[in-house]
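S.K.: Attaching a single structure in structure tokens format; questions to follow.
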Amino acid sequence: MFKDKNKLLFIGDSITEWGRHEDQEDIGTGYVRIVHDYLKVSYPNKEWDIYNRGVGGDRIIDLKKRWNEDVVELDPDIISVSIGINDVWRQLDHPELEQVDPQLFEQIYRELLETIKDKQIVLMEPTIIEEDMQAEGNVKLKKYVAVIHKLAEEFEATVVHTHEQFIAYLQSTHKQPVTIDGVHMNSIGNMLMAKTWITAVL
């Protein structure tokens, strides 16, 4: 799967960004850091250029505005996209904004993927909104998760089942929370995201 030299890009919202602006390597302290370190120690004979292009608050419409600069011009070999949480969350916390429904989400996402269809694409399901599987945000997320699966099949992309794994965790007899506020990950949530990514991609 991996070449001797690999340029890997993670792009998304604050869950991806997590701590990267305070990090000298611009990788951050979230799931991207865990995957970064795992790849470095697991494939020491391969050369890794790993980039974090997460930006807090981003929806798919924001990703579109910076896609050319942050993705196309960088020309990575592997692109991992994690987007969708804010497309739903803004419907709940800022209903006065112009919203991104599943149809628009799919339309823009497809446009972006068309520009990288010759690359190795990894599509991450959005995680959760509140640590309650019946919460309104998690119910709304289902349609966005379905879009990601549809696009993954269309573009022969790898799906990282992050939403599925977080829901499974919520259904378990777990004792520890996975977020600090219902959305942003604590260390356990970041580990769950990284483990799910590694399982799906490697």
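Note that the sequence shown ends on residue 202 in full-length UniProt numbering; no numbers are left out. From the three backbone atoms N, C-alpha and C, an ideal C-beta is built for every residue, glycine too. Nothing here was measured: the structure is a model prediction, and the numbers come from that model.
How would you call ASP181, buried or exposed, if buried means at least 16 neighbouring beta carbons within 10 angstroms?
M.R.: exposed
S.K.: Could you name the residues that DSSP lists as bridge partners for ARG53?
M.R.: In the DSSP output, where bridge partners are listed per residue, ARG53 has ILE11.
S.K.: Helix or strand or just coil, what does DSSP make of ILE108?
M.R.: helix
S.K.: Please determine if the segment 122-129 and the segment 78-89 are in contact, where contact requires at least 3 C-beta pairs separated by less than 8 Å.
M.R.: yes
S.K.: Applying the criterion that 16 or more other CB atoms from any shown protein chain within 10 Å of the CB defines a buried residue, is GLN165 buried or exposed?
M.R.: buried
S.K.: Below 8 Å on the Cβ atoms is my guess for PRO76 versus LYS150; work out the distance and round it to an integer in Å.
M.R.: Distance from PRO76 to LYS150 at the Cβ level is roughly 23 Å; contact not present, criterion being Cβ atoms closer than 8 Å.
S.K.: Can you tell me where the alpha helix (DSSP H) with ILE83 in it begins and where it stops?
M.R.: No alpha helix (DSSP H) contains ILE83, which DSSP labels as neither H nor E.
S.K.: Could you name the residues of the same chain whose beta carbon sits closer than 7 Å to that of residue 280, not counting the 5 residues immediately before and after it, in chain order?
M.R.: Since the first residue of the chain shown is 1 and the last is 202, residue 280 is not available in this structure.
S.K.: Excluding the 5 residues preceding and the 5 following VAL196 in the sequence, name in chain order all residues of the same chain whose CB lies nearer than 7 Å to its CB.
M.R.: It is Thr, not Val, that sits at residue 196 in the sequence shown. Closer than 7 Å at Cβ, skipping near neighbours: VAL160, HIS161, THR162, GLN165.
S.K.: Under 8 Å, do GLY54 and ARG33 count as touching if we go by C-beta distance?
M.R.: Contact: no.
S.K.: Is it right to say HIS174 is buried, meaning 16 or more other beta carbons lie within 10 angstroms of its own, or is it exposed?
M.R.: exposed
S.K.: Between ILE188 and GLN176, what straight-line distance do the alpha-carbon atoms span, to the nearest angstrom?
M.R.: 8 Å
S.K.: Less than 8 Å between the C-beta atoms of PRO102 and VAL147, yes or no?
M.R.: yes
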